[in-house]
Amino acid sequence: MKSVSSMIPVVLLILLPHGLQQAANSSVEASASNETDRDALLAFKASISNQQGAIASWNTTNALCSWQGISCSLKHSHRVIVLNLSSEGLSGTIVPSIENLTFLQTLDLSMNNLHGEIPPGVGRLSRLRYLDLSNNSFHGEVNANLKNCTRLESINLDSNMLTGEVPAWLGGLSSLRILNLKNKFSGAIPRSLANLSALQEMWFTSNQLESTIPEGLGKLSGLEALGLGANHLSGTIPSTLFNLSSVTHFSVALNELHGILPSDLGNRLPKLQKLFLGVNNFTGSLPASLANATDMYSLDIFINNFTGIVPPEIGKLCPQRIYLSSNQFVATTPRDWEFMTFLANCTRLSILELQSNMLCGMLPNSVTNLSAQLQELYVGFNELYGAIPFGISNLVGLTVLQFSNNQFSGVLPDSIGRLNSLQVLGFENNPLTGIMPSSLGNLTQLLRLYAYNNMFEGSLPRSLGNLQKITEAEFSNNRFTDPLPTEIFHISSMSYVLDLSHNYFFGPLPPDVGSLTNLAYLDVSGNNLSGPLPDALSNCLSLTELRLDSNAFDGSILVSISKMKGLISLNLTKNTLSGEIPREIGLMSGLKELYLSHNNLSGHIPESFENMTSLYQLDLSFNNLNGKVPSHGVFSNMTGFKFDGNQGFCGGISELHLPPCLSESMKHNNKRFRLLIEVIVPVVGIVLCFTLVLISISLLRKKKKCRSTVLEGLDFTKDKHPRVSYAELVRGTNGFDTNNLIGKGRYGSVYKCSLLLKNTMTTVAVKVFDLQESGSSRSFIAECEVLNKIRHRNLISAITCCSGSDSNQNDFKAIVFEFMPNGSLHSWLHPVNASTQQQGLTLMQRLNIAVDVADAIDYLHNNCEPPIVHCDLKPSNIILDQVLVAHVGDFGLAKKISDSQSVNSNSTFGIRGTIGYVAPEYGEGGLVSPCGDVYSFGIVILELFTGMTPTHDMFGDGLTLQNEAC
């Protein structure tokens, strides 16, 4: 055996700096080179397409052991023991000849662009101790030959595209200390891994692993890091894992796990530095014992179902990051906020997320004592009220501040302008009032500002023009007045959204709008803006969506708008625009949505519109347009196209049922006829109104070919529909508070609710079924079945449903609908309080509502296959949207019928309908048919124009609403 002193020169030679080692190796290489290793490495070089960097030095003129990325062993005749080409930009495959490097101990090819399968030859490198192929594009399964590399201490295959199951033979590599397999592996975690007694780190993050976590992993007493996040693991965390007292990193986030955390968690895992449990289904309380993990750096339990208060001890824990959002934590007393007081002593806290819980009361002033190092603070989506603390300006390190979706009132503190590091500021969906402080202009680092759905008034601060880094600003649904400040249109960084809609801005749209050349979405709808559209608007070449609707713009539609080639949606409805539709708009090949309804437009539809292949929504209704409707190109399928309210249209495809276009001589005769009608109409106006109603009724009896407006299926199980939980509905309705109650019926109640849909807080209506009421479950099923088949502008639109359990594990069923701000027709015809905002309906509004309802019933009877009978048509089931367009709702009694199917009117629910509106034959057991709806529609028409209900006390002794109307 060699003495220690004799080994020193060899060790020193290996550890020599690269230049000295090169000289030493060169002298030795001259006498004893290894041609096998050289040939293997040159073959590897030949398989690489990019031969720059380290492998450029690989050639036959240089000594093998002097090549970059290569280390040799003097002990073993200068054989290669290290091949390290990490981050060299290599692209290609690993050649089979790699197996000839039989003395190789370290193979590191990480951070390159290598692809293909891992060759079997790697498994023949029996001396291999360190294998790192991470951050490449290898695919296929892990070659089983690797089980022969029994000396392996570290395997890192992270961030490739490897598939198949995690090999069970890994459990036989007894020397393994590090195992990193972040790929696309599926199946279960092998139980054999419990045999890896030397294992210190196990990383299986971001795979597709299923089943439960093996209990045997709790035997790995030396384990320091366990990463199982972002898989499909289910069940509970085995209690044995809480005995791994050496663990510093514990991650099972983004799985389907459930259960309760042990109360002594912090005692059993005292070395914890990072705990990631987010996006699972854990319940129970947060263990106060976590305070014993004094080295905690990151605590992440967001999106679970933890309940109770946040333990005060968590405030003493003092991690750098705390993520408690989207749980059910509560705070009702000052003591419940004690954790915040303790956090004020935590100088390293940088992120605190508390949003989407059930925290209520006033935000404690102790929040203003948090560390000046705090960068992100989220308290939104709770039940906080009162004023925003003035001392919030003490948190000068904040880059993100979120107060969204609470009940904060009063003014926005002027002191907020001192937070000059802010990049994101959100206080939307609160009842904040007063003037928006001009100090917001001091936030020059701001990127996103959310101020919508408050009650701010006065002018929009001109100082906002100082925010030259902002990309998104939303001020909609406030009470701002005065002309639009021109300064806000000179922010060149504004590239995503500028939303000024639904305020009281007046005056023209300034020509300065043309400076927003990078903006993608501009919305000034729902204001009092007037005058012609500025020609400079066409300079906004990056716009994809432009909303100018519901203002008082006049003049003609700008031809220059056609220059905006990137425009996808253009909305100019409800203005007073006149003139013809420019044919140049038809050249905008990328336009998908065009809304021009409720204007004074005249002329024909430009033929160029036929070539707009991307157009799928076109609304030209309620204008003065005439002439031939095209029938080719996009006009050959009219789904999503609307032409109502234009008297002069003809032609088009047969589904439109428009009259054929006339010759010139016939047009002359028609012109004389129309002149005669224009003289007669003022005399018999009221008669004509009722005549149109009767025509609407007769339309219900005509059979038509089914239009293509039927949606393929409102399948609530599909991913395209948003998921909502019982907890979200509870939060959105403030615990189904009676203050949010919109209406109540036989089978349930309807509430106003705020939900986060597609990253936007949206007001919806939630129909909660009373499952204690007999027949309510069947009503829920019936309504979902009908809503699954229908889609029409005059039918209530369903968003999604919720079918599960409430907090007491009782069955819970609800349907989420689009919110209609003007309530039911019944509330307009019979207001409870005469002093309310509803001042009654004009004759024309009543007529429009009648036509809307007729269209809806016509659609159900004649345009659905099979036809659908509503069975409960009445004013309380007719809902009015923001502009008093009628929508028929409540399909709990609806029935699908066919020619071969007879349905008894009282076969399932008793008499189908409501007393006073139900057809007489239904009371006698008659068959359900469209005629029953027509009868109910007639009663609704009488009530609509007389203002009297069919069940009024005056009707008796043979006197009915029908008799009274006659």
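For the sequence shown, the residue numbers in full-length UniProt numbering are 1 to 966. Idealized CB from N, CA, C, for every residue including glycine.
Problem set entry | Meets three-Cβ-pair contact criterion under 8 Å: the segment 745-759 and the segment 357-371 | no
Problem set entry | Under the three-state DSSP convention, the category C360 falls into | strand
Exercise. How big is the Cα-Cα spacing for M948 and L829?
Worked result: 8 Å
Exercise. Skipping 5 residues on each side, what residues in its chain have a beta carbon closer than 7 Å to that of E584?
Worked result: V559 and S562
Exercise. Using DSSP with H/G/I as helix, E/B as strand and the rest coil, what is Y542?
Worked result: The residue asked about is misnamed: residue 542 is Ser in this sequence, not Tyr. Residue state, collapsed to three classes: coil.
Exercise. Which runs of the beta strand (DSSP E) spanning at least 3 residues fall entirely within the segment 101-171, listed in chain order?
Worked result: 106-108, 113-116, 130-132, 137-140 and 154-156
Problem set entry | Cβ-based neighbour list, G235, same chain, cut-off 6 Å, excluding 5 preceding and 5 following | T212
Problem set entry | H861 versus K789, S807 and S614, residue with shortest Cα-Cα distance | K789
For this session: Could you tell me the distance, in whole angstroms, from the CA atom of L615 to the CA atom of S589?
Result: 8 Å
Problem set entry | Spatial neighbours of C801 in its chain, beta-carbon cut-off 7 Å, leaving aside the 5 residues before and after | F716, C784, A814, I815 and V816
Problem set entry | Spatial neighbours of L618 in its chain, beta-carbon cut-off 6 Å, leaving aside the 5 residues before and after | L594 and F641
Problem set entry | Which residues DSSP lists as bridging G426, in chain order | Q402 and Y450
Exercise. Which term fits Y859, buried or exposed, when burial requires 16 or more other beta carbons within 10 angstroms of its beta carbon?
Worked result: buried
Exercise. If you draw a straight line from the C-alpha of H870 to the C-alpha of L398, how long is it?
Worked result: 56 Å
Problem set entry | For S239, three-class secondary structure by DSSP | helix
Problem set entry | Per-residue DSSP class, three states only, for L352 | strand
For this session: Could you give the DSSP three-state label for L558: helix, strand or coil?
Result: coil
Problem set entry | Range covered by the alpha helix (DSSP H) that runs through W828 | L825 to L829
Exercise. Just the Cα atoms here: how many angstroms apart are M340 and T283?
Worked result: 22 Å
For this session: Would you decide whether residue 1046 is buried or exposed? Buried here means 16 or more other CB atoms lie within 10 Å of its CB.
Result: Outside the modelled stretch of the chain, which goes from 1 to 966, sits residue 1046, for which no answer is possible.
Exercise. Taking the C-alpha atoms as reference points, what is the distance between A198 and G116?
Worked result: 31 Å
Problem set entry | Length at least 3, wholly inside the segment 734-806: the beta strand (DSSP E) runs in chain order | 741-744, 748-757, 760-769 and 798-805
Exercise. When the Cα atoms are used, what is the spatial distance from N143 to G121?
Worked result: 9 Å
Exercise. Is it right to say Y452 is buried, meaning 16 or more other beta carbons lie within 10 angstroms of its own, or is it exposed?
Worked result: buried
Problem set entry | Whole-angstrom distance between I879 and G889, CA atom to CA atom | 7 Å
For this session: Work out the CA separation of S73 and E353 for me, nearest whole Å.
Result: 54 Å
For this session: Please classify W169: is it buried, with 16 or more other beta-carbons within 10 angstroms of its beta-carbon, or exposed?
Result: exposed
Exercise. Do N100 and N136 have their C-beta atoms within less than 8 Å of each other?
Worked result: no
For this session: Buried or exposed for R380, please, with buried defined as at least 16 other CB atoms from any protein chain shown within 10 angstroms of its CB.
Result: Residue identity differs from the one stated: residue 380 is Gly in this sequence, not Arg. G380 comes out buried.
Problem set entry | Beta bridge counterpart(s) of T283 as assigned by DSSP | I260
Exercise. Can you name, in chain order, every residue of its own chain whose Cβ lies under 6 Å from the Cβ of P532, other than the five neighbours on each side?
Worked result: G555
Problem set entry | Three-way DSSP call (helix, strand, coil) for A834 in this model | Any reading at A834 must be qualified, since the residue scores a pLDDT of 47, below 50, and its modelled position is unreliable; the value itself is stated next. A834 falls in the coil class under three-state DSSP.
Problem set entry | First through last residue of the beta strand (DSSP E) which encompasses A814 | D811 to E818
Exercise. Between S602, P319 and N304, which lies nearest to K274 when the distance is taken from Cα to Cα?
Worked result: P319
For this session: Classify H632 as buried or exposed, calling it buried when 16 or more other Cβ atoms lie within 10 Å of its own Cβ.
Result: exposed
For this session: Give the C-beta separation of E338 and C360 to the nearest angstrom, bearing in mind that I take them to be a contact with Cβ-Cβ under 8 Å.
Result: Between C360 and E338 the Cβ distance is about 15 Å, and since that is not below 8 Å, they are no contact.
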